[in-house]
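Undergrad: Residue 402, in this note's numbering, is where the sequence shown stops; the numbers in between run on with no holes.
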Amino acid sequence: MLLLARSKWRRLMMSRISTCVVSVLLVFSIVWLPGIYAEADTLKVALVLPDVITDLSWNAVAYQGLEAAAKESGVEFTYQERVADADVERVLRDYANQGYDFILAESFNYQDATIKVAKDFPELKFATATGFMTRAAGFEDVPENHAVYDWPAHQVGYLTGMLAACMSKNNHVGFVGGFEVPDIVRQAEGFKDGAKAVNDEIKTGVIYTGSWVDTVKGQEAALSLLDLGADVIAQAADGPGVGAILACQSRGAYAIGYVADQNHIAPENVLTSVVLVKKAAYMAMIQDILAGQFESKAYLFDLIQGGVDLAPYHDLVPEDIQEKIQQAREHIMNGTIVVEERLEATK
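1. Grab the span of the alpha helix (DSSP H) containing residue 386 for me, first residue to last.
2. Could you give the first and the last residue of the continuous alpha helix (DSSP H) run that contains residue 246?
3. Do you know offhand how far residue 185's Cα is from residue 229's?
4. With a CB to CB cut of under 6 Å and the five nearest residues on each side skipped, what residues in its chain are close to residue 396?
5. Within its chain, find whatever has a CB closer than 6 Å to the CB of residue 332; leave out the 5 residues flanking it on each side and keep chain order.
6. Please determine, among 175, 156, 126, the residue with the shortest C-alpha to C-alpha distance to residue 144.
7. Shortest alpha-carbon distance to residue 262 belongs to which of 100, 400, 155?
8. Provide the residue(s) that pair with residue 133 in DSSP beta bridges, ordered along the chain.
9. Would you report the Cα separation of residue 160 and residue 109, rounded to the nearest angstrom?
10. Excluding the five sequence neighbours on either side, which residues of its own chain have a C-beta within less than 6 Å of the C-beta of residue 369, listed in chain order?
11. Looking at the unbroken beta strand (DSSP E) that takes in residue 182, where does it start and where does it end?
12. So, for residue 284: in the same chain, excluding its five sequence neighbours on each side, which residues have a beta-carbon less than 6 Å away from its beta-carbon?
13. If distances are taken between C-alpha atoms only, which option among 196, 292, 201 comes closest to residue 348?
14. Do three or more CB pairs link the segment 272–284 to the segment 249–256 at distances below 8 Å?
15. Hey, residue 105 and residue 138 are a contact pair by Cβ (cut 8 Å); roughly how many whole angstroms apart?
16. Just to confirm my understanding: we take residue 125, look at its own chain, exclude 5 residues before and 5 after, and list those with CB closer than 6 Å. What are they?
17. Starting from the C-beta of residue 239, find all residues in its chain whose C-beta is less than 7 Å away, skip the five residues before and the five after it, and write them out in chain order.
18. Return the residue from the list 366, 141, 156 that minimises the CA-CA distance to residue 166.
19. What's the gap between the Cα of residue 336 and the Cα of residue 223?
20. Where do the ends of the alpha helix (DSSP H) carrying residue 272 lie?
21. With H, G and I counted as helix, E and B as strand and the rest as coil, what does DSSP make of residue 287?
22. I'd like the list of long-range same chain contacts for residue 276, defined as Cβ closer than 6 Å, with 5 residues on each side in sequence excluded.
23. Would you say residue 236 and residue 329 are within 7 Å of each other, going by their C-beta atoms?
24. Taking DSSP as the reference, what is the three-state secondary structure of residue 313?
25. Out of 215, 287, 345, 359, point me to the one whose CA is closest to residue 377's CA.
26. Are residue 266 and residue 258 close, meaning C-beta to C-beta below 7 Å?
27. To the nearest angstrom, report how far apart residue 99 and residue 250 are at their CA atoms.
28. Give the single residue among 398, 359, 371 whose Cα lies nearest to the Cα of residue 384.
29. What is the DSSP secondary structure of residue 202, counted as helix, strand or coil?
30. Should residue 217 go down as buried or exposed, given a rule of 16 or more other Cβ atoms within 10 Å for buried?
31. Counting C-beta neighbours from all protein chains within 10 Å, is the total for residue 177 16 or more, i.e. buried, or is it exposed?
32. Is residue 324 buried or exposed, if buried means 16 or more other CB atoms sit within 10 Å of its CB?
33. Keeping to the same chain, check which residues put their C-beta closer than 6 Å to that of residue 310; ignore five residues upstream and five downstream.
34. I need the DSSP call for residue 327, collapsed to helix, strand or coil.
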C-alpha cells in the first residue's frame with residue numbers, strides 16, 4: 056500500500072511539473088514569436104514632419120491623426136517638426152538608434168532617405184507619406200520593411216473642380232500646388248477634369264510653388280492666377296496653401312482648403328476643403344505591425360475607402376450646387392463616375 060501511494064504521488068508530481076513546463080514554453084513562444092508584440096511590450100512610433108504641427112494643414116492633421124491612432128491602439132509616439140530634406144536621414148537614424156519600432160516620414164521628399172535608413176535597420180519598420188517605392192510595386196531594391204501610405208485625392212479633386220466651376224463668375228479657376236509630385240498632380244488633374252465636366256470651355260490654371268512651407272510663395276502663386284482672371288482657387292500645398300487662401304481673402308475671391316477644414320482662416324472665402332482622414336492609414340499600419348503582417352506595399356485610403364472627403368460648405372454654396380456635387384460624389388462612390396488618376400501633369 057505504501058509503495059502504491061508513493062507511485063501515485065510520483066505520477067501526480069510529474070504531471071504537474073509537465074504542465075508547468077508546457078505553460079512556461081507557451082508563454083515564451085507567444086512573447087518571442089517574430090513580428091508579434093507581446094502585451095507587455097509597447098510599440099514606439101516616431102513621426103518626422105517637414106513643418107510645425109500648428110501649420111493649420113498637413114503637419115497639424117498628421118500630428119492629430121497619429122495622436123488619435125496612438126490613443127486607440129495603445130502605442131507610444133513622439134515627433135519632430137521642421138525637418139529639412141537635407142537633414143532627414145540624420146533624424147531617421149537618430150530615432151532608429153533610440154529603438155523606435157516604427158518611423159513615419161511625412162513627406163514625399165523624404166522617400167529616398169527613408170529607404171536608405173530602412174536598409175540599415177531591417178528589424179524596424181519605416182513608411183513614407185505619399186511615396187510610391189515598395190516591393191509590391193516592383194521596386195526590388197526597396198527593403199521589405201519600407202511601406203508607403205497616402206490619401207489619393209483625385210476623386211475629391213474632381214468634386215472641387217466641379218464646385219469651383221459652378222461658383223466661378225469669370226469662367227476661370229485656378230489650382231496652387233506644393234511640389235509637382237504624383238500625390239499633388241493627381242489632385243490638380245482631377246480638379247481640372249471636374250471643372251471641365253461642368254463647362255468644357257472653362258479656363259484652368261495650375262501653379263506649383265516648389266515648397267511645402269513657404270506661405271509667401273503660395274500668396275504669390277494665387278495672386279498670379281487671380282491676376283489672370285481666376286476667381287476661385289483650390290490648393291494642395293500645405294504652408295503655401297494657407298498663403299493662397301489669404302490671397303483670395305485679400306481679393307474677395309473664393310478658395311478651397313486642403314487637408315483639414317480651413318474655413319476658419321477666411322470664413323467668407325473658403326467654400327469647403329479637401330479633408331484627409333490620416334488616422335485611417337496610421338491605424339492600418341500599426342495594426343499590421345502588431346499582428347506581424349506589415350508589408351512593403353502602399354496603404355491607400357481614397358474617397359471610397361473613407362480616407363478623403365469634403366468639409367462642410369458653411370452656407371457659402373447654394374443648395375442646388377451642393378446637391379449637384381453630392382450627386383457626383385455618390386456616382387463616384389458607386390462607380391458610375393470613374394475619375395482618371397493621372398500622376399503626370401497635362402496642359
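Don't be surprised by glycine CBs; every beta carbon is placed ideally from N, CA and C. No experiment lies behind these values; they were computed from the predicted model shown.
TA: A quick look at the data gives this:
1. In this chain, the alpha helix (DSSP H) harbouring residue 386 covers 374–389.
2. Here the alpha helix (DSSP H) through residue 246 covers 237–253.
3. Rounded to the nearest angstrom, the two C-alpha atoms are 23 Å apart.
4. If we look at residue 396 and ignore the five residues flanking it on each side, its Cβ neighbours are 209, 241.
5. Non-local C-beta neighbours of residue 332 in its own chain, meaning closer than 6 Å and more than five positions away in sequence, comprise 362, ordered along the chain.
6. A check of alpha carbon separations from residue 144 across 175, 156, 126 identifies 175 as the nearest.
7. Considering only alpha carbons, the answer is 400.
8. When DSSP reads this structure, residue 133 sits in a beta bridge with 101.
9. Using only the alpha carbons, I get a separation of about 18 Å.
10. Excluding positions up to five away in sequence, the list reads 318.
11. Segment 180–184, the beta strand (DSSP E) holding residue 182.
12. Once the five neighbours on either side are set aside, the close Cβ partners of residue 284 are 225, 227.
13. Here the closest residue by C-alpha is 201.
14. As far as the Cβ criterion goes, the segment 272–284 does not touch the segment 249–256, which means the pair count is below three.
15. Between residue 138 and residue 105 the Cβ distance is about 6 Å, and since that is below 8 Å, they are a contact.
16. The beta carbon of residue 125 sits closer than 6 Å to those of 132, all from its chain and outside the five residues before and after it, given in chain order.
17. The residues 232, 233, 291, in chain order, have a CB closer than 7 Å to that of residue 239 in the same chain once the five nearest residues on each side in sequence are set aside.
18. Closest by alpha carbon: 141.
19. Rounded to the nearest angstrom, the two C-alpha atoms are 34 Å apart.
20. Residue 272 -> alpha helix (DSSP H) spans 270–282.
21. Strand.
22. If you ignore the 5 residues before and after residue 276, its C-beta comes within less than 6 Å of the C-beta of 231, 262, 264, all in its own chain and listed in chain order.
23. No, they are not a contact pair.
24. If DSSP states are grouped into helix, strand and coil, residue 313 belongs with the strands.
25. Minimum Cα distance to residue 377 is reached at 215.
26. Their beta carbons are not under 7 Å apart, which means residue 266 does not touch residue 258 by this criterion.
27. Roughly 44 Å between the two C-alpha positions.
28. Of the candidates 398, 359, 371, the one whose C-alpha sits nearest the C-alpha of residue 384 is 359.
29. Residue 202 falls in the strand class under three-state DSSP.
30. Residue 217 should be labelled buried.
31. Residue 177 is classed as exposed because its beta carbon has fewer than 16 other beta carbons within 10 Å across all chains shown.
32. With at least 16 other beta carbons inside 10 angstroms of its own, residue 324 counts as buried.
33. Here the set comprises 288, 300, 303, 324, 325.
34. Here DSSP, grouped into helix, strand and coil, assigns residue 327 to strand.
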